[in-house]
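Okay, so here's the structure we're looking at.
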């Protein structure tokens, strides 16, 4: 039995499965290097002279760089804020007996479980009434809220794993709570911070619906640009879709390679931990 | 400083920023939404909202479109969750013994990549793949059947095409969950089963399943919640068409709110989906606590 598992055939089958799943993604990346006629050719073109023309065209569009910058700024600042805020809250929930803390955690997690289309209607009405549409901070803070539930759950999980002794030793040595939180506990939950940062970045980077509805010229991110600018006169601009798609999907895939061990905790909102 | 830190309110002070976020972006919109659901408020009429009491909710009772969208959503959930669990479980078991595979990390990155891409982009690009003239699926369909078939434009096919994309995107998630579940089985018990020469079926039933079932259940519920939420993918792929055959509840809310601009009516539907989502979350946490309690007992 053992010998059977180790056989190269087993590994080849696994690699094939992985490649089959990756194929549609690869197809997008390959398409980005094709000319328009090659991209739309039937039968599909497998061997072609790669061209960078689509990317050059993309970089010269007036919307590309502002949008790229928006995506980067909005995701980094919103996730940064969310992590600071939820780190403090996670410490409180992990170390103190707070009345109704289970209920607070339940409510906060349920935010992430509601269909986006249900949340976006009231948020849209609120933003329209307050004049918050299409401005940087309301957009960023909305995404910070969007990232809090997951960060809070993941950080609380990691903090529960840090022994109370550390806090007690610190207090006995007359250290302030502030010192304990940031100098004693923080270094020990670093994996949690990394996981929260990486996966929230991916979620915000990917988010489309809220940006599409609440955003505008000043706050457009890549998924929204991909949808709104894909239609040109006379049909869909496929070379644009392919080249922007390729640029947009590379960061998450690279992150997935380097932070693979956090994928499970990331995809289950910090509730399930284990080895894969 | 010390006095603040020793005060009973200190933990609440730490929680305060989170609670402020929660209040501004959840409590306020929530009340706005519940309130609005008692009004007839159409942005395109240019009239102020008119209080109609429970009229919106009474309308849901015999609104055929809404019930069709609901039943479509549950059909979608059933197929999507069922198929991803089936394929994900099988592939998870297949990948179980792959720890020493050459290039495992890269292979898993490739395998897991579909689930971390934005559905909006996948939806857009899948439209090209399904295109009867230019798409790769269109090409193979012509090659094998000799006929061209417009998957996304044909009633009956569009829904299946949508499920196929969703299953492709989310099977990796169930592979991940299955691998985690299998990893939670203690190695000692597996070795004992091997020494005792238990049959594969008995090993699965009495050794693996008792440990693995919690994580599997959590995975299935998360998948259910996610399938219930589906909006971006459908919107980009079919816009709810053809003939409304792929209009799930998320897309319906979107269209009623931002195409038809009937905010009051849509708010009521949003309230109903919100309650459904909270119920799912409660089940999820119940199972999570069950798992914790079991661990404590051991």
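Chains as they are written, first to last, in our numbering: chain L, 769 to 1044; chain C, 215 to 512. The C-beta atom is built at its ideal place from N, Cα and C for all residues, glycine as well.
| field | Straight-line Cα distance separating residue 1021 (chain L) from residue 323 (chain C) | value | 7 Å
| When you compare each of C:417, C:431 and C:311 to residue 775 (chain L) by their alpha carbons, which one comes out closest? | C:311
| Cβ-based burial, residue 980 (chain L) [other Cβ within 10 Å; buried from 16] | buried
| Residue-chain proximity (residue 365 (chain C), chain L), Cβ-Cβ < 8 Å | no
| Cutoff 8 Å: residue 905 (chain L) Cβ touching any chain C Cβ | no
| message | Per DSSP, what are the beta-bridge partners of residue 490 (chain C) in this structure? | response | DSSP lists no partner for residue 490 (chain C).
| task | Identify the contact partners of residue 477 (chain C) in chain L, using a Cβ-Cβ distance below 7 Å as the criterion. | result | 889 and 893
| task | Decide if residue 945 (chain L) is buried, meaning its Cβ has at least 16 other Cβ atoms within 10 Å, or exposed. | result | buried
| field | Under 7 Å by beta carbon: chain L residues contacting residue 401 (chain C) | value | Per Cβ cutoff of 7 Å: no residues; residue 401 (chain C) is ~11 Å from chain L at best.
| request: Please confirm whether residue 892 (chain L) and residue 982 (chain L) have their CB atoms less than 8 Å apart. | output: yes
| Backbone CA spacing between residue 477 (chain C) and residue 502 (chain C) [nearest angstrom] | 36 Å
| said: Using a Cβ-Cβ distance cut-off of 8 Å, determine whether residue 881 (chain L) contacts chain C. | reply: yes
| query | Near residue 483 (chain C), which residues of its chain fall below 6 Å by C-beta distance, leaving aside the five closest residues on each side in sequence? | reply | 467
| message | Measuring straight from C-alpha to C-alpha, what distance separates residue 499 (chain C) and residue 326 (chain C)? | response | 25 Å
| task | Using 10 angstroms around the beta-carbon of residue 241 (chain C), count the other beta-carbons present and answer buried if the total reaches 16, otherwise exposed. | result | exposed
| said: Please tell me whether residue 389 (chain C) and residue 425 (chain C) are closer than 8 Å, where the distance is taken between their beta carbons. | reply: no
| field | Backbone secondary structure at residue 769 (chain L) - three-state DSSP | value | Confidence at residue 769 (chain L) is low in this model, with a pLDDT of 45, below 50, so the placement of that residue is unreliable and no value is reported for it.
| task | With a threshold of 16 other CB atoms inside 10 Å of the CB of residue 380 (chain C), please say whether the residue is buried or exposed. | result | buried
| task | Please go through the region 234 to 299 of chain C and give each complete alpha helix (DSSP H) segment of 4 or more residues, from N-terminal end onward. | result | 242 to 250 and 269 to 275
| query | If you draw a straight line from the alpha carbon of residue 221 (chain C) to that of residue 864 (chain L), how long is it in whole angstroms? | reply | 12 Å
| field | residue 1023 (chain L) versus L:962, L:990, L:803 and L:802, residue with shortest Cα-Cα distance | value | L:962
| Segment limits, alpha helix (DSSP H) that includes residue 841 (chain L) | 832 to 863
| request: Tell me, please, which residues DSSP counts as bridged to residue 476 (chain C). | output: C:256
| query | In the DSSP assignment, what are the bridge partners of residue 1063 (chain L)? | reply | No answer is possible for residue 1063 (chain L): the residues shown for chain L start at 769 and end at 1044.
| Since residue 825 (chain L) is in the alpha helix (DSSP H), which residue starts that stretch and which ends it? | 821 to 828
| said: Tell me the DSSP secondary structure of residue 941 (chain L) in three-state form. | reply: coil
| field | Cβ of residue 280 (chain C) within 8 Å of any chain L Cβ | value | no
| task | Kindly list, in the order they appear in chain L, the residues whose Cβ is closer than 7 Å to that of residue 443 (chain C). | result | 883 and 884
| query | Alpha carbon to alpha carbon, what distance is there between residue 935 (chain L) and residue 947 (chain L)? | reply | 10 Å
| Contact residues within the region 304 to 321 of chain C, judged by C-beta distance below 8 Å to chain L | 305, 308, 309, 311, 312, 314, 315, 316, 317, 319, 320 and 321
| request: Note down, in chain order, each residue of its chain lying with its Cβ closer than 7 Å to the Cβ of residue 366 (chain C), except the 5 sequence neighbours on either side. | output: 341, 344, 372, 375, 451 and 452
| said: Suppose the cutoff is 7 Å on Cβ atoms and the five residues either side in sequence are ignored; what does the same chain contact list for residue 930 (chain L) look like? | reply: 953, 956 and 957
| DSSP on residue 315 (chain C), reduced to helix/strand/coil? | coil
| message | Is residue 446 (chain C) close to chain L? Criterion is C-beta to C-beta, closer than 8 Å. | response | yes
| message | Less than 8 Å between C-beta atoms, sequence neighbours within five positions excluded: which residues of the same chain meet that for residue 224 (chain C)? | response | 218
| query | Comparing the C-beta of residue 786 (chain L) with each C-beta of chain C, is any distance below 8 Å? | reply | yes
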